[in-house]
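Novice: Submitted below is the structure of interest, expressed as structure tokens.
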Amino acid sequence: MATYHGSCHCGAIKFEVEADLSTVTRCTCSICTKKGILLARVHPNKLQITEGEDRLKLYQFNKMIAKHYFCPDCGIHTFGHPRAAPDMFVVNVNTLDDYDVHSDEHKIRVFDGRNWEDAFAQSQGHGR
């Protein structure tokens, strides 16, 4: 596990996260697809917002469980709480300033968010 530093595009939101990025997730749900993000799930005590927490805006939809935080100035979604584990964080790996998603090695796991309920059930070992 390593410590990474992340930010939104304009730098108003900054954070530190301790994460294992050997496997990241591409979710195919509507919002993740439109944001084009790669996700890494982390425990809340592994993410520290170092600047701009008071500036973060929240977006929720559908079941109103997942929380998607973004910068109101540049619009970049930095992290959030996923529907599958609302007590955890998911970090947008593309917002990490000292990690290069194009050259650093990682495995990409695809989560079928378009079929969320079935995909979640299968990930929990409860295939239908």
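Numbering (my numbering), first residue to last: -7 to 120. We treat Cβ as the ideally placed atom computed from N, Cα and C, and that holds for glycine.
For the beta strand (DSSP E) that C19 lies in, which residues bound it at each end?
Specialist: Element bounds for C19: 15 to 19.
Novice: What three-state label does DSSP hand R101 in the structure shown?
Specialist: Looking at R101 - three-state DSSP - the assignment turns out to be strand.
Novice: Any heavy atom of the ligand MN closer than 7 Å to the CB of R101?
Specialist: For the structure depicted, the ligand MN is absent and the ligand set is empty, with no information on it obtainable.
Novice: Pairs of beta-carbons, one from the region 53 to 65 and one from the region -4 to 3, closer than 8 Å: are there three or more?
Specialist: Result yes; three or more Cβ-Cβ pairs closer than 8 Å.
Novice: Would you grab the beta carbon distance between F53 and Y61 for me? Rounded to a whole angstrom, and I think it's under 8 Å.
Specialist: That belief does not hold up - the Cβ atoms of F53 and Y61 are roughly 14 Å apart, past 8 Å.
Novice: From the DSSP secondary-structure annotation, give me the bridge partner or partners of A11.
Specialist: Partner(s): A(-6).
Novice: Please classify H69 as buried or exposed, where buried requires at least 16 other C-beta atoms within 10 Å of its C-beta.
Specialist: It is buried - the Cβ of H69 has at least 16 other Cβ atoms within 10 Å.
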